[in-house]
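Numbering (the working numbering), first residue to last: 5 to 280.
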């Protein structure tokens with residue numbers, strides 16, 4: 005607590021871990037937190053754990069144990085050779101999520117953004133999870149492709165500044181965009197082709213946890229709308245006004261986090277405050 009603001013809350017303790025060669029960032033609630041169920045957040049293409057930096061603090065401040073990982077060959081996690089990265093697909097990123105869930109040691113709520121949304125859908129098929137929330141999410145094969153061309157898988161893919169900015173953001177100042185772009189990394193083209201060309205099967209019948217799909221109002225990626233994914237999974241959905249695809253990094257992003265937390269408290273039987 006600060007002397008000049010009697011209403012300021014102490015910041016949660018933040019810790020960095022290495023789990024099976026993966027960077028995992030943890031935010032620890034004060035006094036063991038109000039919730040027993042943790043949240044594990046999974047980034048999308050090009051990004052890393054840092055996309056959830058504000059969300060980690062926000063969830064932990066409200067008493068939720070919070071974790072975010074970088075999948076292999078993304079910031080802080082183990083580097084791959086060019087040949088290894090060419091062969092990397094969604095199934096390998098799902099292995100990374102499983103390794104972190106095993107390390108956490110209890111069922112968690114999974115949150116995935118963009119390509120990470122498809123990762124958590126697939127991870128939830130064989131894992132005991134409490135809830136699944138997908139933001140601006142890529143789609144499984146059953147929903148259909150989102151493009152009709154294949155990117156060359158000989159090289160990883162990185163968009164230039166103009167294309168990245170137009171796809172990810174509706175409005176952003178130059179300095180903020182440059183600070184974000186400097187942390188982005190090339191993505192596995194195989195993983196992107198699996199996502200865009202309906203290459204990952206997910207069976208809704210294998211997922212017992214409640215699911216939520218959140219769409220953004222200004223999304224330049226060309227994804228299927230949230231209601232279409234929700235219909236496939238018999239899940240809930242909403243579109244958040246005034247948001248862009250990379251909403252995690254916008255000021256409006258914490259509104260999305262608040263929607264997820266409120267939904268989980270209402271809809272996921274395993275996501276309840278600790279008894280008083």
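Backbone N, C-alpha and C fix where the C-beta goes; we use that ideal spot for every residue, glycine too.
Give me the residue from 29, 155, 268 and 198 with the minimum Cα distance to residue 107.
Ranking the options by Cα distance to residue 107, first place goes to 29.
Tell me whether residue 202, by its Cβ, gets closer than 8 Å to a heavy atom of the ligand GTP.
Among the components modelled here there is no ligand, and therefore nothing to report on the ligand GTP.
Since residue 187 is in the alpha helix (DSSP H), which residue starts that stretch and which ends it?
Premise fails: residue 187 is in no alpha helix (DSSP H) and is neither H nor E.
Compute the distance between the beta-carbons of residue 265 and residue 63, then report whether it is under 9 Å.
yes
Please classify residue 77 as buried or exposed, where buried requires at least 16 neighbouring CB atoms within 10 angstroms.
buried
Going by the beta-carbon positions, is the gap between residue 103 and residue 134 smaller than 9 Å?
In this structure, residue 103 sits away from residue 134, with a CB-CB distance that is not shorter than 9 Å.
Can you tell me where the alpha helix (DSSP H) holding residue 101 begins and where it ends?
94-108
Helix, strand or coil at residue 197 [DSSP, three-state]
helix
Candidates 91, 126 and 165, of which the one nearest residue 143 by Cα:
126
Could you tell me the boundaries of the beta strand (DSSP E) in which residue 76 lies?
It is not in any beta strand (DSSP E) - residue 76 carries neither H nor E in the DSSP assignment.
Between which two residues does the beta strand (DSSP E) harbouring residue 27 extend?
Counting along the chain, the beta strand (DSSP E) containing residue 27 begins and ends at 26-32.
Contact under 9 Å by Cβ, residue 70 with residue 38:
no
Ignore the nearest five residues each way along the sequence and tell me which others in residue 6's own chain have a CB closer than 8 Å to its CB.
Interpretation of residue 6 is limited by its pLDDT of 47, a score under 50 that renders its predicted location unreliable; no figure is taken from the coordinates.
From this set, 192, 14, 130 and 138, which residue's C-alpha is nearest residue 156's C-alpha?
Minimum Cα distance to residue 156 is reached at 192.
Residues bridged to residue 285 [DSSP beta-bridge criterion]
Since the first and last residues shown for the chain are 5 and 280, residue 285 lies out of range.
Do the CB positions of residue 196 and residue 168 come within less than 9 Å of each other?
no
Please name the residue, chosen from 166, 154, 100 and 236, that lies closest to residue 47 on a Cα-to-Cα basis.
100
Near residue 250, which residues of its chain fall below 7 Å by C-beta distance, leaving aside the five closest residues on each side in sequence?
172 and 173
Under 8 Å by Cβ, that's how I've got residue 72 and residue 56 pegged, so tell me the actual separation to the nearest angstrom.
The Cβ separation is near 4 Å, so the contact holds.
What residues are listed by DSSP as bridge partners for residue 39?
277
Starting from residue 243, follow the beta strand (DSSP E) in both directions and report where the run begins and ends.
240-248
Which of helix, strand or coil does DSSP assign to residue 258?
Residue 258: helix per DSSP, three-state reduction.
CA-to-CA distance, residue 201 to residue 152, given in whole angstroms:
7 Å
Would you mind sorting residue 269 into buried or exposed? The rule is 16 or more other CB atoms within 10 Å of its CB.
exposed
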